[in-house]
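The structure appears right after this line, and notes come after that.
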């Protein structure tokens, strides 16, 4: 494991919640923190800060295959999603998203359309988590659609969405396309010269950068009304007022550069590790299944349901493994995963699902330890529950 994770005896498999800082990002962030200067100031320290920001913008643009001028820095993907949906919906017309989106999209969509009943179309997903595009086609044919927002990779299951046909159909009728690519960026190759989305959200801490910083890609020439969430000075071309988070942005840039450099090797290695984990669990634990296993998924994500076993009990029985029973952004909420419910799972099955997510610092030893711990935990919880149900 990387960084401080070596100091504790825990296998960290919760990258979809937050990935460990890459060493390059840690070094760059600390270097920026040791400096002083507002990136908007004209004196030498200010120009030094601006240089760091410019370099980070170029590094992120290189990872995304876009131009630096198409990037707006934000506090993270939630803010970027809010910016994208509010501005896109302001064009007038229908806002389209899916039932399995991250709540940063779902709740924003509901909020911005709340005063216009019927202006929000939520697409269903099937048992594998694949989006049903038929209602979208009907909407594009018969109504004015302002914005379509579909995530590239689901944060709970890792299921991927093919956006190429969506972009083609939407653009033919003048609709814009936004994607929440928070879990995709830095984990699979992404070329915005080929993927014709108009808007894209991301967060640095999902691919090894610091928490609290992200970005919104806005394709040059996109007809988008200005709807900033924060107003004040003219930062980020008027899209986000406020002093730039130089240290966070610098760390984001370093993480983007490192992810781009190691991407091919990481994809292959993490895919193999994920497959090994799934093979070990399914071989040793009867009556369980992998959600989304029949469709393309992110290389480092497995969502596994142990029917009848509460996920929180399984997690508590393996304290040496850091995994999740759903989105960390919703932890503590009494309701089960809205993603799994949208896929047609029962509430009980949704409450019995554990997500393991791997990444750049995961090792073979981590997977061996995690698999052994999970198998023991499931067997323990099963035996306890069987004993409590005996007459």
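Numbering (this note's numbering), first residue to last: 1236 to 1626.
No residue lacks a Cβ here, since even glycine has one placed at the ideal position from N, Cα and C.
If you ignore the 5 residues before and after residue 1473, its C-beta comes within less than 8 Å of the C-beta of 1461, 1463, all in its own chain and listed in chain order. Across the structure, residue 1272 and residue 1466 are spaced so that their CA atoms are roughly 22 Å apart. Separation of residue 1337 and residue 1517 (C-alpha to C-alpha, rounded to the nearest whole angstrom) is 27 Å. The Cβ atoms of residue 1331 and residue 1387 lie no closer than 9 Å to each other. Per DSSP, reduced to three states, the secondary structure at residue 1623 is helical.
Only buried fits residue 1441, as 16 or more other CB atoms lie within 10 angstroms of its CB.
Assignment of alpha helix (DSSP H) within the segment 1289-1364, counting only whole runs of 4 or more residues, yields 1312-1324, 1338-1347 in chain order. When 1397, 1555, 1597 are compared, the shortest CA-CA separation from residue 1610 is found for 1555. The C-beta separation of residue 1393 from residue 1533 comes to about 4 Å, placing the pair in contact by the 8 Å criterion. Less than 9 Å separates the beta-carbon of residue 1267 from that of residue 1486. Between the segment 1423-1436 and the segment 1352-1365 there are fewer than three inter-stretch CB-CB distances shorter than 8 Å, so the stretches are not counted as touching. Residue environment: residue 1377 is assigned as exposed (fewer than 16 neighbouring CB atoms within 10 Å of its CB, all protein chains considered). Bounds of the beta strand (DSSP E) holding residue 1382 are 1380-1384. Taking the CA atoms as reference points, residue 1291 sits about 36 Å from residue 1328. The bridge partners DSSP lists for residue 1539 are 1525, 1589.
Shown here for residue 1288: same chain residues with a beta carbon closer than 7 Å to its own, the five before and five after excluded, namely 1274, 1479, 1481, 1484 in chain order. Going by DSSP, residue 1266 is part of the alpha helix (DSSP H) stretching over 1258-1268.
Runs of the alpha helix (DSSP H) spanning 4 or more residues and lying entirely within the segment 1425-1457 do not occur at all.
If you compare the alpha carbons of 1617, 1536, 1576 with that of residue 1593, the shortest gap goes to 1536. Note on residue 1411: 16 or more other CB atoms within 10 angstroms of its CB, so buried under the neighbour-count rule. Under DSSP, the beta-bridge partners assigned to residue 1532 are 1394. Here residue 1334 really is in contact with residue 1577; their C-beta atoms are around 4 Å apart, less than 8 Å. The beta carbon of residue 1620 is closer than 6 Å to none in its chain, skipping five residues each way along the sequence. Counting C-beta pairs with one atom in each stretch, the segment 1500-1518 and the segment 1439-1456 have fewer than three that are closer than 8 Å, which means they do not touch. As a beta-bridge residue in DSSP terms, residue 1414 pairs with 1435. Annotation: residue 1316 to residue 1343 spans about 8 Å, alpha carbon to alpha carbon. Pairing residue 1614 with residue 1522, the inter-Cα distance amounts to about 12 Å. According to the DSSP assignment, residue 1251 belongs to no alpha helix (DSSP H), since it is labelled neither H nor E.
DSSP, read as helix, strand or coil, puts residue 1609 in helix. Looking only at 1422, 1347, 1314, 1526, the smallest Cα-Cα distance to residue 1299 is reached by 1422.
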